[in-house]
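Student:
Residue numbers (the UniProt record's numbering): 1 to 281.
#1: Which of the three DSSP states is assigned to residue 322 in this structure?
#2: Just the Cα atoms here: how many angstroms apart are residue 251 and residue 196?
#3: For residue 154, count neighbouring Cβ atoms within 10 angstroms of its own Cβ and tell me buried if that reaches 16, exposed if not.
#4: From the DSSP output, read off the bridge partner residues of residue 111.
#5: If contact is defined by three or more beta carbon pairs under 8 angstroms, each pair taking one atom from either stretch, is the stretch 265 to 273 in contact with the stretch 224 to 231?
#6: Distance, Cα to Cα, residue 178 vs residue 193?
#7: When you compare only the Cα positions, how much space is there between residue 184 and residue 219?
#8: Measuring alpha carbon to alpha carbon, tell me which of 232, 166, 221 and 151 ends up nearest residue 263.
#9: What did DSSP end up calling residue 117 once you bin it into helix, strand or coil?
#10: Specify the secondary structure class of residue 222 as computed by DSSP and reduced to three states.
#11: Measure the alpha-carbon distance for residue 118 versus residue 253 and round it to whole angstroms.
#12: Over what stretch of residues does the alpha helix (DSSP H) that includes residue 264 continue unbroken?
#13: Assuming residue 151 and residue 215 make a contact with CB atoms under 8 angstroms, what is their CB distance in whole Å?
#14: Count the other C-beta atoms from every protein chain shown that fall within 10 angstroms of the C-beta of residue 274, then say buried if there are 16 or more, exposed otherwise.
#15: Give a yes or no on whether the C-beta atoms belonging to residue 187 and residue 176 are separated by under 9 angstroms.
#16: With a floor of 4 residues, list each alpha helix (DSSP H) that falls wholly inside the stretch 183 to 229, ordered by position along the chain.
#17: CA-CA distance, residue 170 and residue 206?
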C-alpha cells in the first residue's frame with residue numbers, strides 16, 4: 001500500500017450518509033398530534049405535509065412558575081378537597097378497610113382529627129362562646145342600654161372580630177411562607193363573591209334577625225330563661241337536617257331524635273315558669 005494512499009475503512013465503520021426516508025402517509029397516524037407541527041414541504045413529499053417536531057416556545061419553556069404552583073406543597077395538607085373527585089379520592093385514601101371515618105389534617109400535618117371529633121370540638125366552642133355572648137348585655141342594661149340599641153354595638157364587635165380572625169390567619173400564612181406577603185395573600189381562601197353573594201346575603205340576614213330576637217329575649221326574660229328559649233334554634237336546624245338535607249335516615253334514628261327534642265322542649269317550658277318579674281335587669 002502506498003505511503004500516501006488513504007487508509008482502508010471497513011464497511012462497518014463507514015459513516016452512514018444515506019438520508020433517512022421521509023415519513024409517509026402510512027406513518028402519520030402513529031405520530032401524536034400534540035407532539036408535532038404540520039408544515040408544507042413540496043421537496044420531500046409532493047402534495048403531502050412534512051412532519052417536524054414542535055419546538056417549545058419561550059412561554060412554555062422559560063415562563064416562571066405561577067405563585068399558586070409554588071404553594072402546592074405547603075397548601076396540600078390544608079386544602080379541604082374542593083371537587084367531588086378530590087373528595088372521593090381523599091375519603092377512600094384516608095379511610096381504612098374497616099370503614100373508619102375520614103381524617104382531617106390541620107396545621108400542616110401537625111394535627112389530625114376525624115370529622116366527628118372536629119365537629120364535636122366546633123360544637124363545644126360554639127356552646128362555650130355562644131352561650132356567653134349575651135353576658136355583656138346584662139352590664140349594658142345597668143347603664144340604661146339594651147334592646148334595639150345594643151344591636152349596633154353587637155354588630156361592630158362582630159365585624160372587628162371577623163377582621164381580626166382574617167388578619168390572624170394571614171399572619172399565620174406569612175410565617176409559613178417565611179415572610180412572603182404575596183404568597184401569604186395567595187394562600188388565603190377565595191371569597192367566591194359571584195357564587196356566594198346571594199346565599200351569604202340570605203344567611204347573614206337570617207342570622208341578624210335571629211340575633212335581634214335573642215337580644216330581645218334576654219332583655220325581657222333574662223339570661224336563664226330568655227336565652228334558653230333561643231335554643232329552640234337547635235330543633236329548627238334538626239328538622240331541616242332530617243326532612244330536607246336527609247342527614248338523619250332510618251325510622252329508629254328519627255324516633256330517637258324526636259324523643260331527645262321532646263326532652264329539650266320540656267326543659268324549656270319548665271324554665272319559663274321559673275322567671276319572676278318583667279325583667280331581671
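Built from N, CA and C at the ideal position, the CB exists for glycine as well.
Tutor: Looking at the atomic coordinates:
#1: What the structure shows of the chain is the stretch from 1 to 281, and residue 322 is not part of that stretch, so it cannot be assessed.
#2: 35 angstroms
#3: buried
#4: 106
#5: yes
#6: 29 angstroms
#7: 43 angstroms
#8: 232
#9: helix
#10: coil
#11: 22 angstroms
#12: 251 to 272
#13: 6 angstroms
#14: exposed
#15: yes
#16: 193 to 221
#17: 29 angstroms
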